[in-house]
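Notes to accompany the following structure.
Number of protein chains: 2
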Amino acid sequence: MDKVFKALADPSRRQLLDRLFAEQGQTLGALADGLAMTRQAVSQHLALLEAANLVATVKRGREKLHYLNPVPIHEAHARWIAKFERPRLDALAALKQRLEGEDDG
Amino acid sequence: MDKVFKALADPSRRQLLDRLFAEQGQTLGALADGLAMTRQAVSQHLALLEAANLVATVKRGREKLHYLNPVPIHEAHARWIAKFERPRLDALAALKQRLEGEDDG
DNA sequence: CTAATGGGCAAGTAATTACTTGCATGTCAA
DNA sequence: TTGACATGCAAGTAATTACTTGCCCATTAG
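Protein chains in written order, with the working numbering: chain A, 1 to 105; chain B, 1001 to 1105.
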């Protein structure tokens, strides 16, 4: 879980995830293209994302294809982030209850 | 947004958020009590959380009371995390969570 | 008042992080 | 086979991070 948060904490890595979201199955070279850092830097970021299980890879010949794996992000949300939304949702529910006159939910 | 992710990337800070979630309005001393680091370390973590707008503070005399602010977390989810989710993965993540148990720190 | 309490500031350190350069390896095409 | 291409590996560096120690200021209790 720590790996996921740390992976997400870097803007370069989020940018890479964005690029993969726009088009999956990209190679390292394609992902690094146009970015203001070396191919190796991108490779290291991708390795981190892979270690966090946010990105899955498939080797095809001499190329390495990268795919998004949304599961860890979803787990991070479900296990950890969601509970901090509860107060807000409670307030919402309370409001809704007041407005609708319900007494169960 | 970067501040939020970076703030969440540290287990000590997540622990502090957990403590605040359990009981809001705690002082620095109360939050630091029982933790394996100095009061100053905790203070610095809280300053970071405050800078990320995840924690709001109120000064009362010589005490500083800390409160959770779930809004940035909610925004991070809504603007950035949500797009990586797929409806079908809800069940998957929940199942996996049940099978693996809680192991977040 | 004095002293204890709650907290802040600043400098220093060890570990980590992000990134680079240089070279090696495997693959494909001619 | 030769050479170009995609990627991997390793070492080095500069910046950041997490944490500490030591001292200072403000508030409150005795």
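Cβ coordinates follow ideal geometry from the N, Cα and C atoms, glycine included.
Within 10 angstroms of the Cβ of residue i, are there 16 or more other Cβ atoms? Answer buried if so, exposed if not.
i       : result
A/A7    : buried
A/E75   : buried
A/F21   : exposed
A/A41   : exposed
A/P11   : exposed
A/V4    : buried
B/A1078 : exposed
B/Q1026 : buried
A/A32   : buried
A/K59   : exposed
A/D13   : Residue identity check: residue 13 of chain A is Arg in the sequence provided, not Asp. Counting Cβ neighbours within 10 Å, A/R13 comes out buried, since at least 16 surround it.
Using the beta-carbon of each residue, which ones in chain B are nearer than 7 Å to residue i?
i    : result
A/A9 : F1005, K1006, A1009
Against residue i, what residues of chain A qualify as contacts under a CB-to-CB distance less than 8 Å, listed in chain order?
i       : result
B/K1083 : F21
If the cut is a Cβ gap below 9 Å, which residues of chain A does residue i touch?
i       : result
B/L1002 : For the record, residue 1002 of chain B in the displayed sequence is Asp; it is not Leu. Going along chain A in sequence order, the residues near B/D1002 (Cβ under 9 Å) are A9, D10, P11, R14.
Original post:
Any residues in the region 1062-1080 of chain B with a beta carbon nearer than 7 Å to a beta carbon of chain A? Which ones, in chain order?
Top reply: L1068, P1070, I1073, H1074, H1077
**OP:** Flag this pair as touching only if the region 1037-1047 of chain B and the region 41-59 of chain A have three or more C-beta atom pairs under 8 Å; answer yes or no.
**Re:** no
Original post:
Can at least three beta-carbon pairs, one atom from the region 1020-1036 of chain B and one from the region 1051-1064 of chain B, be found at a separation below 8 Å?
Top reply: yes
**OP:** Report the residue ranges of all alpha helix (DSSP H) runs contained in full by the region 34-78 of chain A; include only those spanning at least 4 residues, in chain order.
**Re:** 39-51, 71-76
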